[in-house]
Amino acid sequence: HRHVFRGIKADLHEYYPSGKKIVWGSFSSCAAFIDILESNLLLGISGTRTIFDIECDSGKDISQYSYFPQEKEVIIVIATQFTVTGCLNEGNGLFTIQLKETKPSHHLLKPVTHFSEPKKTYPSKKSNFRLIAV
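According to my numbering, the sequence shown is numbered sequentially starting from 1.
The structure is reproduced here in structure tokens:
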């Protein structure tokens, strides 16, 4: 297991009661260390805020590809399923929602088992990149 953290500048605690099962709705960047969220560019240290404290198994470490590798960025994949294990009022407008990844009874996404070769490529006139259609 690994713990990762995601911050939102909003009060979301009413939507996440303890015991609720949720499906993560997007690909989301998370930090391996909570103190990274204190940056004013991210969550800051004042105002209305919610921190998701996420215990996950399937998060993907992308720090070697990140512009800020020291942040140890982890991606939570869309359709990952969690159970809310706690919701804490930390004071000063900060709430912490604790989530634990759960194994789904059925998968919402199929795992990638192989990669196919592109069928066509289209040269781009504006750059050295090519658009690949699969």
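Cβ atoms here follow ideal geometry from the backbone N, Cα and C, with glycine treated the same way.
Hey, residue i and residue j are a contact pair by Cβ (cut 8 angstroms); roughly how many whole angstroms apart?
{"i": "T83", "j": "K100", "result": "5 angstroms"}
{"i": "H1", "j": "D57", "result": "6 angstroms"}
{"i": "I76", "j": "G91", "result": "The pair is not a contact, with the Cβ atoms about 27 angstroms apart (cut-off 8 angstroms)."}
For residue i, is the classification buried or exposed, using 16 other Cβ atoms within 10 angstroms of its Cβ as the cut-off for buried?
{"i": "V74", "result": "buried"}
{"i": "L94", "result": "buried"}
{"i": "I132", "result": "Model confidence at I132 stands at a pLDDT of 49, short of 50, so the residue's coordinates are unreliable and nothing is read from them."}
{"i": "I45", "result": "exposed"}
{"i": "F5", "result": "buried"}
{"i": "Y15", "result": "exposed"}
{"i": "G7", "result": "buried"}
{"i": "L43", "result": "buried"}
{"i": "T48", "result": "exposed"}
{"i": "L41", "result": "exposed"}
{"i": "L37", "result": "buried"}
{"i": "A31", "result": "buried"}
Opposite residue i in the DSSP bridges: which residues?
{"i": "E55", "result": "H3 and K100"}
{"i": "K20", "result": "None, per the DSSP bridge assignment."}
{"i": "A31", "result": "F5"}
{"i": "T50", "result": "I8 and F95"}
Kindly list the residues whose CB is nearer than 6 angstroms to the CB of residue i, restricted to its own chain and excluding five residues on each side of it in sequence; keep chain order.
{"i": "Q98", "result": "D53, T85 and G86"}
{"i": "S26", "result": "I78"}
{"i": "I34", "result": "F5"}
{"i": "I22", "result": "F82"}
Leaving out five residues on either side along the sequence, give the residues of the same chain with a beta carbon under 8 angstroms from the beta carbon of residue i.
{"i": "L12", "result": "T50, F95 and I97"}
4 or more residues per run - each alpha helix (DSSP H) lying fully within the region 60-102
Those alpha helix (DSSP H) runs which fall completely within the region 60-102 and span 4+ residues do not exist here.
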